[in-house]
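Quick notes on the structure that follows.
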Amino acid sequence: MSVIPRGSTRKHVPDLKALQRTCDVNYLALMKLLPNGAVVGESVSVGISEQVLFVLRVLETAPYTWHVSIEQCTPGLPCFMRMKVKVRLYHDVRMAEVCASQQIFTLQSSYHYPNEKMHHPNEKEQVNLFLAEWLKCCLYHGFSTVKQL
125 MSVIPRGSTR KHVPDLKALQ RTCDVNYLAL MKLLPNGAVV GESVSVGISE QVLFVLRVLE
185 TAPYTWHVSI EQCTPGLPCF MRMKVKVRLY HDVRMAEVCA SQQIFTLQSS YHYPNEKMHH
245 PNEKEQVNLF LAEWLKCCLY HGFSTVKQL
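Residue numbering for the sequence shown follows my numbering, starting at 125 and increasing by one per position.
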């Protein structure tokens, strides 16, 4: 057993198999919410309750990938508290990975801790797990989806 000297930190090593499983599940759930053959600019609204509404918007499409934004549109909730993520869907491998979240415009696979912006060492894993829970909630409790152009 090695002893870590005081003041030094180890870099987080992501569990790639677990992250891949989460991304697989996220892809399947997102494809249930998004329209087949979606085009850029197309969006779908998902209501969880009368006060909680989310909008999924297709930002980019390519033969093997899509970029989608998911944004909470709850009136009266301050902007900094609203969920906002960008997800990259890989159709060839059937995976969906969060590539940006809140004010983090590019997620790294791991972060040294402590760091200037106080990101968790496993921030990317946590954000993808959060997306999985959110998608589960939408599929279970979502009372309506409305396709918008």
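Backbone N, C-alpha and C define an ideal beta-carbon position, used for all residues, glycine too.
Pairing residue 223 with residue 206 gives a Cβ-Cβ distance that is not under 8 Å. Contact annotation, residue 214 with residue 185: C-beta distance approximately 13 Å; criterion of less than 8 Å not satisfied. Shown here for residue 142: same chain residues with a beta carbon closer than 8 Å to its own, the five before and five after excluded, namely 249 in chain order. In the DSSP assignment, residue 151 falls outside any beta strand (DSSP E) and lies within the alpha helix (DSSP H) extending over 140 to 157. Beta-bridge pairing by DSSP links residue 208 to 195.
Annotated three-state conformation of residue 264 is helix, per DSSP. Given a length threshold of 3 residues, each whole run of the beta strand (DSSP E) inside the stretch 159 to 189 is given here in chain order: 167 to 171, 177 to 185.
Annotated three-state conformation of residue 253 is helix, per DSSP. The residue from 253, 218, 198 with its alpha-carbon nearest to that of residue 173 is 198.
Residue pairing by DSSP places residue 222 opposite 211 in a beta bridge. Considering only 171, 258, 252, the residue with the shortest C-alpha distance to residue 140 is 252. The three-state secondary structure of residue 201, taken from DSSP, is coil.
Here residue 160 is exposed: its Cβ has fewer than 16 other Cβ atoms, across all protein chains shown, within 10 Å. Under a 10 Å Cβ-count criterion, residue 170 is classified as buried, with 16 or more other Cβ atoms of the shown protein chains found around its own Cβ. In the structure shown, the three-state DSSP call for residue 240 is coil.
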